[in-house]
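Counting from 6, one number per residue, gives the positions in the sequence shown under the working numbering.
The beta-carbon is built from N, C-alpha and C at its ideal position, and this holds for glycine as well.
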Amino acid sequence: MRGWLREIDSLLGEVDKNVRGAVRSVRSAFDDGPFEVLAYRGFGNAHCVYVYGRAQEHRSVGPSTDTDSVLENLRNTYRRADSHPLPLADLAIGYAGYTSAIKADDEGFFSGRIDLPAPIATESEWNEYQVDLLAPARPGVDRAKGTGEILIPSSSVRFGVISDIDDTVIQSGVSNILQAARAIILGNARTRLPFPGVAGFYQALRNGVSGNEKNPIFYVSSSPWNIYDVITEFMDLRKIPRGPVLLRDWDIGFGALSSIRHFDHKGDAIRNILQSYPELPFILLGDTSQHDPEIYRQIVSEFPNRVKAIYIRDVNHDAERSLAVKKLADEVLAAQSILVLAEDTLAAVTHAVEQGWISADALAHVQDEKRADERDDDSKVPSV
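So this is what it looks like as structure tokens:
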């Protein structure tokens, strides 16, 4: 079944790519707006790094404010969705004194692994890289440049964390299409709500039991790159620890409506992370709204003794789904790991404290934060 779905998806994607490519070529010929390069957070080690970003025409979308109306949010959502990419742009990546060439895809997105000619030693957890747009170029206009950061975990870390975003960190309602669409289209970073206690829990995971472990946190989601700025601004506002945020391009096609691309994108991103830090165990966090339990179960099989625990937030509250996840939990246990199906953040925090992965003081802190979050207004989309 999955084989023929892939073939249909690939065919539709190819047709869509060719049509959009032709439209963009015509539009680009008549457009003289400035270009910009968005350099997203990457990650790596002493031998290689992963970088991500996009080359596009400037879209004029800034950070949100408390006074943004629904209409302004809607306009910004349109600008993000209607960004004019620079398909197949040529770029140069500069990092640690080395320069590498990279080419964007037909949507202007670029991503890739850069192998370093010699090992790089750094004391910094976050390290800067530069992106220079080589082509396309307009006569008399300075080339667009961007600056991003690469996470290199410090020597103090005891484990890494990989987390989903929608319905794990942010209350998105992805199982309810209308609810999810309303949150994305009419809201902004300030109107989105975290699950109660999430920031405190993730801070505790980063700090570890000693309080200064600096355990790295990676965020992997099937949300589109177009809302990268919304997600990272939301995390900063809510004091959720910084980390690479790995999203994906939303092509039009049959697979965009199915779970195939979600499964493949998330699995591939997690594999790259685990392979980059072969000596580091990981904690995985997700929810029941999509296929996080199934993806994480596969990762446990592929990387024996690398997953300390899987925390799954039960957002469906559906008996059949809960039974399926509990069956997966038995398989995970047989593979020498553990899957915890949690009703709320406190259940996961309690387990992590019991295992000695985070400080016992974290439990009281998360309880206080959870109560404060629950008092937050549930209807935070501002009026027009």
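For this session: Tell me whether D366 is buried or exposed, calling it buried when 16 or more other Cβ atoms sit within 10 Å of its Cβ.
Result: Exposed, by the Cβ-count rule.
Problem set entry | Reduced DSSP category for A274 - H, G, I as helix; E, B as strand; rest coil | DSSP places A274 within a helical segment (H, G or I) once states are collapsed to three.
Problem set entry | Length of the line joining the Cα atoms of D241 and K108 | D241 and K108 have their C-alpha atoms some 30 Å from each other.
Exercise. If you draw a straight line from the C-alpha of G145 to the C-alpha of P39, how long is it?
Worked result: About 12 Å.
Exercise. Between G47, I119, T293, which lies nearest to V345 when the distance is taken from Cα to Cα?
Worked result: Of the candidates G47, I119, T293, the one whose C-alpha sits nearest the C-alpha of V345 is T293.
Exercise. Between the beta-carbon of L121 and the beta-carbon of C53, is there less than 8 Å?
Worked result: Taking the C-beta atoms as reference points, C53 is found nearer than 8 Å to L121.
For this session: Could you tell me which residues DSSP puts in a beta bridge with K108?
Result: Beta-bridge pairing links K108 to D95.
Exercise. With 16 as the cutoff for other CB atoms within 10 Å, does R5 come out buried or exposed?
Worked result: The requested residue 5 does not occur in the structure, where the chain is confined to residues 6 to 389.
For this session: Helix, strand or coil for E359, going by three-state DSSP, please let me know.
Result: DSSP places E359 in the helix class (H, G or I) of the three-state scheme.
Problem set entry | V371: first and last residue of the uninterrupted alpha helix (DSSP H) it sits in | Looking at the DSSP string, the run of the alpha helix (DSSP H) that includes V371 is 366-379.
Exercise. For T82, does the count of other Cβ atoms within 10 angstroms reach 16, so buried, or fall short, so exposed?
Worked result: So T82 counts as buried.
Problem set entry | DSSP three-state assignment for K244, whether helix, strand or coil | K244: coil per DSSP, three-state reduction.
Problem set entry | R211 versus T104 - alpha carbon distance | Computed Cα separation, rounded: 32 Å.
Exercise. What do you reckon, are the CB atoms on L351 and G202 nearer than 8 Å?
Worked result: For L351 and G202, yes; Cβs fall inside 8 Å.
Exercise. Who are the near neighbours of V320 in its chain, counting only those whose CB is closer than 8 Å to its CB and skipping five residues on each side?
Worked result: Excluding sequence neighbours, V320 sits near D172, S180, D292, T293, S294.
Problem set entry | CA-to-CA distance, P124 to P221, given in whole angstroms | Rounded to the nearest whole angstrom, the C-alpha separation of P221 and P124 is 20 Å.
Problem set entry | Neighbour-count burial assignment, Q360, 16 or more Cβ in a 10 Å radius | Q360 should be labelled exposed.
Exercise. Just to confirm, are N78 and N231 a CB contact at a threshold of 8 Å?
Worked result: Between N78 and N231, the gap from beta carbon to beta carbon reaches 8 Å or more.
Problem set entry | CB contact flag (I236, V225, <8 Å) | No, the pair does not count as a contact, with Cβ atoms beyond the cut-off.
For this session: Check the DSSP bridge columns for Q61 and list the partner residues they point to.
Result: According to DSSP, Q61 bridges with E41, P90.
Exercise. Between which two residues does the beta strand (DSSP E) containing F223 stretch?
Worked result: In the DSSP assignment, F223 falls within the beta strand (DSSP E) that extends over 222-229.
Exercise. Rounded to a whole number of angstroms, what is the C-alpha to C-alpha distance between H89 and Y45?
Worked result: Distance between the alpha carbons of H89 and Y45: 18 Å.
Problem set entry | DSSP state of S116 mapped onto helix, strand, coil | S116 falls in the strand class under three-state DSSP.
Exercise. Just to confirm, are I98 and Y55 a CB contact at a threshold of 8 Å?
Worked result: No, they are not a contact pair.
For this session: Find out if the Cβ-Cβ distance for the pair K244, E130 is shorter than 8 Å.
Result: K244 places its beta carbon 8 Å or farther from that of E130.
Exercise. From R247 to D111, what does the alpha carbon distance come to, in whole angstroms?
Worked result: The alpha-carbon atoms of R247 and D111 are separated by roughly 29 Å.
Exercise. What is the DSSP secondary structure of R46, reduced to helix, strand or coil?
Worked result: In this structure, R46 counts as strand in the three-state DSSP scheme.
Exercise. On the premise that A149 lies in contact with V312, defined as a C-beta separation below 8 Å, what is that separation, rounded to the nearest angstrom?
Worked result: The Cβ separation is near 40 Å, so there is no contact.
Exercise. Going by the CB atoms, is the gap between V166 and F223 shorter than 8 Å?
Worked result: Closer than 8 Å, so yes.
Problem set entry | Start-to-end residues for the alpha helix (DSSP H) that takes in R211 | Following the DSSP letters along the chain, one finds R211 inside the alpha helix (DSSP H) bounded by residues 203-212.
Problem set entry | Neighbourhood of Y408 by C-beta, 7 Å cutoff - its chain only, sequence neighbours within 5 removed | Outside the shown range of the chain (6 to 389) lies residue 408, about which nothing can therefore be said.
Problem set entry | Alpha-carbon spacing of P283 relative to S74, whole angstroms | The straight-line gap separating the alpha-carbon atoms of P283 and S74 is approximately 47 Å.
Exercise. Is A347 near A353, with beta carbons less than 8 Å apart?
Worked result: Cβ distance < 8 Å, so A347 and A353 count as in contact.
Exercise. For the alpha helix (DSSP H) that Y301 lies in, which residues bound it at each end?
Worked result: From DSSP, the alpha helix (DSSP H) with Y301 extends over 297-307.
Problem set entry | Same chain, Cβ closer than 7 Å to E238, neighbours up to 5 away in sequence not counted | Here the set comprises P68, S69, A194.
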